[in-house]
Amino acid sequence: MNFKNSASRLAVMAALIFPTVAKAQQYPDAEDVITVTATKTERNVFETPTAVAVLDQEEIEQFIPLSYRDVMEGVPGLSIQGGARRIAEEPSIRGFSDQQLVLRLDGARQNFDLSHRGRFFVDPELIKRVEVIRGSASSLYGSGAIGGVLSLQSKGAKDLLMDGQTIGARARLGYQSNGEEFLASGGVFGQTDKIDMLANIVFREASEDFIDGSGNPIIDTQDKILNGHTKVGFEPDENQRLEINADFYESNGLNPTASDDISSPTTVVDRDTSEFNIRGNYAYNNPDNNLIDFKLVFHYGDVDVNEDRIIDDRQDKSGFKSYGIDLHNTSRLDAIEGTSIAFTYGFEYFSDEQSGTRNGVDRPEFPDASREFIAGYAQLELDMLDGLVSIIPGVRYDHFELNSNSLFADRKESDVTPRISVGINPSEQFYVWGSYSEAFRAPTLTELYNDGIHFSVPGGFGPGTLVQNEFEPTPQLEAEQAESWEVGARFRQSSIFKDGDSFIISGNYFNTDVENFVDTVVLYMDPAKSPMFAPPFGPMTFFGTTQNVNAQAKIDGFEGDIRYDSDYFTVGISGFTAKGRNPLTDEGLSSIAADSMTIRLTAKLMDYGLRLGARATITAAQDDVPENSVTTDGYQTVDMFASWTPIKGSFQNTVFSAAIDNLFDEDYSIHPTVIRQPGRSFKFTLSHQF
Numbered sequence: 030m031n032f033k034n035s036a037s038r039l040a041v042m043a044a045l046i047f048p049t050v051a052k053a054q055q056y057p058d059a060e061d062v063i064t065v066t067a068t069k070t071e072r073n074v075f076e077t078p079t080a081v082a083v084l085d086q087e088e089i090e091q092f093i094p095l096s097y098r099d100v101m102e103g104v105p106g107l108s109i110q111g112g113a114r115r116i117a118e119e120p121s122i123r124g125f126s127d128q129q130l131v132l133r134l135d136g137a138r139q140n141f142d143l144s145h146r147g148r149f150f151v152d153p154e155l156i157k158r159v160e161v162i163r164g165s166a167s168s169l170y171g172s173g174a175i176g177g178v179l180s181l182q183s184k185g186a187k188d189l190l191m192d193g194q195t196i197g198a199r200a201r202l203g204y205q206s207n208g209e210e211f212l213a214s215g216g217v218f219g220q221t222d223k224i225d226m227l228a229n230i231v232f233r234e235a236s237e238d239f240i241d242g243s244g245n246p247i248i249d250t251q252d253k254i255l256n257g258h259t260k261v262g263f264e265p266d267e268n269q270r271l272e273i274n275a276d277f278y279e280s281n282g283l284n285p286t287a288s289d290d291i292s293s294p295t296t297v298v299d300r301d302t303s304e305f306n307i308r309g310n311y312a313y314n315n316p317d318n319n320l321i322d323f324k325l326v327f328h329y330g331d332v333d334v335n336e337d338r339i340i341d342d343r344q345d346k347s348g349f350k351s352y353g354i355d356l357h358n359t360s361r362l363d364a365i366e367g368t369s370i371a372f373t374y375g376f377e378y379f380s381d382e383q384s385g386t387r388n389g390v391d392r393p394e395f396p397d398a399s400r401e402f403i404a405g406y407a408q409l410e411l412d413m414l415d416g417l418v419s420i421i422p423g424v425r426y427d428h429f430e431l432n433s434n435s436l437f438a439d440r441k442e443s444d445v446t447p448r449i450s451v452g453i454n455p456s457e458q459f460y461v462w463g464s465y466s467e468a469f470r471a472p473t474l475t476e477l478y479n480d481g482i483h484f485s486v487p488g489g490f491g492p493g494t495l496v497q498n499e500f501e502p503t504p505q506l507e508a509e510q511a512e513s514w515e516v517g518a519r520f521r522q523s524s525i526f527k528d529g530d531s532f533i534i535s536g537n538y539f540n541t542d543v544e545n546f547v548d549t550v551v552l553y554m555d556p557a558k559s560p561m562f563a564p565p566f567g568p569m570t571f572f573g574t575t576q577n578v579n580a581q582a583k584i585d586g587f588e589g590d591i592r593y594d595s596d597y598f599t600v601g602i603s604g605f606t607a608k609g610r611n612p613l614t615d616e617g618l619s620s621i622a623a624d625s626m627t628i629r630l631t632a633k634l635m636d637y638g639l640r641l642g643a644r645a646t647i648t649a650a651q652d653d654v655p656e657n658s659v660t661t662d663g664y665q666t667v668d669m670f671a672s673w674t675p676i677k678g679s680f681q682n683t684v685f686s687a688a689i690d691n692l693f694d695e696d697y698s699i700h701p702t703v704i705r706q707p708g709r710s711f712k713f714t715l716s717h718q719f
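The numbering of the sequence shown is our numbering, which starts it at 30 and goes up by one.
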């Protein structure tokens, strides 16, 4: 990494930002941030013995997000892979990605799984809050929570209505120079004494391919996205709320078959992706009854992916359906003075089904298969000695069935995943914590049952040759098992330089051992399969295989975050470093994100309704990977934003926003993705609320 070059860029950024700092409204105090995802109860983040991050609506929107990478950049341990194509975006936490993470939207699991395709089917424009649990969380969230949990909350009428308003509307227009992207968003919302409702639609179109930092086009990155969102809430009384969310998402574009890969003429498909998702939430909480704090989530999702390959009109259709229910209750007791007890217990059921065809017949690369999970879990929160000590044990039992529709024998297995966390709060300013947890992940349907041709490479071993690689099903693939321990500390202080300012610093070390880590092994030529000539004069064909195998993995690292808030400005620094090894071979793991650090500066000029800010991300090279795996170079990026909301006059409810992404036109890719990222881009939005 070129630190001299990085330092000069940071100096330029600081010179651009600091002269604009003036007295401003304070950001929400970091000491008052609440998490619900970490324990399924409301708990102050500072006093939660878990590595958790929370992003509110202001933080989500300030850099005019066009993708989830814009939203998440700077969260320690979290990276968004797969770009520059939004349809390929998926999260990675501490080197765990895909189905090694649990993704939830409004509390409902989002289980879609199709290799080299993304997992986000809701536009960032519609998200009001993000919570990130870093580290094993299977004791509450079951299969897939080895790396953590990413929880998204969508906007509703109550989030948009201004004080005293019962009905309203909003409209937003935007433009991005790189890709010639256009944004249009509009919604109506309102509420009565018992009912609130929002209906919103978002349209995006990138009409040209994005350009990377070297000035070269990132081929086949044009797309169109249409996303509709409705939320209806019903409150029969002050203790109950029923909420129904319904979304549809449609995406169209010319992309390679593996949408996170570099495009070539032989891989381009005309891809149409459509998703329908309905989620229901019911909550009952009577403050006069400490034994009942009940929540219920049910969900149904249907994703269809149609891909027509341009070179030969091959038609692939993939379908994925998921549905389920999650309910839990919390009972609270104050049995002893200075001690509080919260006992949370619940039940979850969900089922996933997939099916695929190629040119109208069954497709072994995405075979018909299903899986079903049923689980029960319990957690105790014991806060003693007036909050001096917190002990939070928890355990979950999962039973699951895997079905390949008669291709292979059905499988029925179960798993128990315990966790215990301890926090000590010796003073208002200091908090230390530690945890031990176990987690598991059942293999996905595609990992188990993929068959058929993976890829073909004409001339792969020279003229007159053909490399043909085929999937090998692995129906006996074992579930991943993880053991993790973690320690962390937080410190906070208020009124350091003046009344009302605040400072908070946190850091944590983690260590995870994974048995039966699922690794994908690609052999271009399988020694067990001799090359052969295709009659009568065809190429010499070399047969290779792609199969999933169980291995071992060990990952450890450190995450840190510092933030200072005042009436004048906010400064934040966050960082992440991790190392992943296969303990049997002592090789690095290909999935571990590169070490990185992000610096943020934000200023508010309250008297003028103006906000300004910038962030710089410095990322190291990643070459500690197995032989022949993807390596990435280090890079440094700087982004800037400004927004103006007139405080009086005809434009009082109008927001003018501008941002610059990748100010210095850095040419880079995000490990382990090989596709380049967009270069410098100017973004503008105009929004008005009626």
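Ideal Cβ positions, reconstructed from N, Cα and C, are used throughout, including at glycine.
Counting C-beta neighbours from all protein chains within 10 Å, is the total for residue i 16 or more, i.e. buried, or is it exposed?
| i | result |
| --- | --- |
| residue 642 | buried |
| residue 706 | buried |
| residue 614 | exposed |
| residue 224 | exposed |
| residue 676 | exposed |
| residue 681 | exposed |
| residue 457 | exposed |
| residue 78 | buried |
| residue 375 | buried |
| residue 54 | Because residue 54 sits at a pLDDT of 32, beneath the cut-off of 50, its placement in the model cannot be relied upon, and the point is left open. |
| residue 100 | buried |
| residue 343 | exposed |
| residue 527 | exposed |
Quick check: the Cα distance between residue i and residue j, rounded to an integer number of angstroms?
| i | j | result |
| --- | --- | --- |
| residue 467 | residue 232 | 42 Å |
| residue 713 | residue 673 | 12 Å |
| residue 685 | residue 715 | 5 Å |
| residue 329 | residue 138 | 9 Å |
| residue 702 | residue 616 | 19 Å |
| residue 286 | residue 274 | 31 Å |
| residue 645 | residue 668 | 6 Å |
| residue 349 | residue 258 | 20 Å |
| residue 217 | residue 199 | 7 Å |
| residue 708 | residue 697 | 9 Å |
| residue 383 | residue 81 | 32 Å |
| residue 247 | residue 512 | 40 Å |
| residue 291 | residue 243 | 16 Å |
| residue 482 | residue 424 | 42 Å |
| residue 168 | residue 405 | 10 Å |
| residue 445 | residue 413 | 28 Å |
| residue 58 | residue 178 | Residue placement at residue 58 is poorly supported in this model, since its pLDDT is 49, which falls under 50; the coordinates still yield a value, given next. Their backbone Cα atoms lie some 24 Å apart in a straight line. |
| residue 88 | residue 600 | 13 Å |
First and last residue of the beta strand (DSSP E) that includes residue i?
| i | result |
| --- | --- |
| residue 643 | 639-648 |
| residue 253 | 252-263 |
| residue 458 | Here residue 458 belongs to no beta strand (DSSP E), and DSSP marks it neither H nor E. |
| residue 583 | 569-594 |
| residue 346 | 344-362 |
| residue 188 | Careful: residue 188 lies outside any beta strand (DSSP E), inside the alpha helix (DSSP H) at 186-189. |
| residue 89 | Counting along the chain, residue 89 falls outside any beta strand (DSSP E), though it belongs to the alpha helix (DSSP H) covering 86-90. |
| residue 627 | 625-634 |
| residue 447 | 440-453 |
| residue 220 | 210-220 |
| residue 551 | 531-552 |
| residue 697 | Per DSSP, residue 697 belongs to no beta strand (DSSP E) and is neither H nor E. |
| residue 418 | 418-432 |
Could you please give the first and the last residue of the uninterrupted alpha helix (DSSP H) stretch that includes residue i?
| i | result |
| --- | --- |
| residue 170 | 167-170 |
| residue 101 | 97-101 |
| residue 478 | 474-478 |
Looking only at C-alpha atoms, which of the options sits nearest to residue i?
| i | options | result |
| --- | --- | --- |
| residue 352 | 368, 334 and 378 | 378 |
| residue 628 | 358, 603 and 282 | 603 |
| residue 657 | 551, 699 and 586 | 551 |
| residue 583 | 593, 595 and 607 | 607 |
| residue 158 | 365, 136 and 313 | 136 |
| residue 125 | 92, 162, 151 and 156 | 162 |
Taking DSSP's pairing of strands, which residues face residue i in a bridge?
| i | result |
| --- | --- |
| residue 301 | 281 and 335 |
| residue 306 | 276 and 330 |
| residue 506 | Paired residue(s): none; residue 506 is not in a bridge. |
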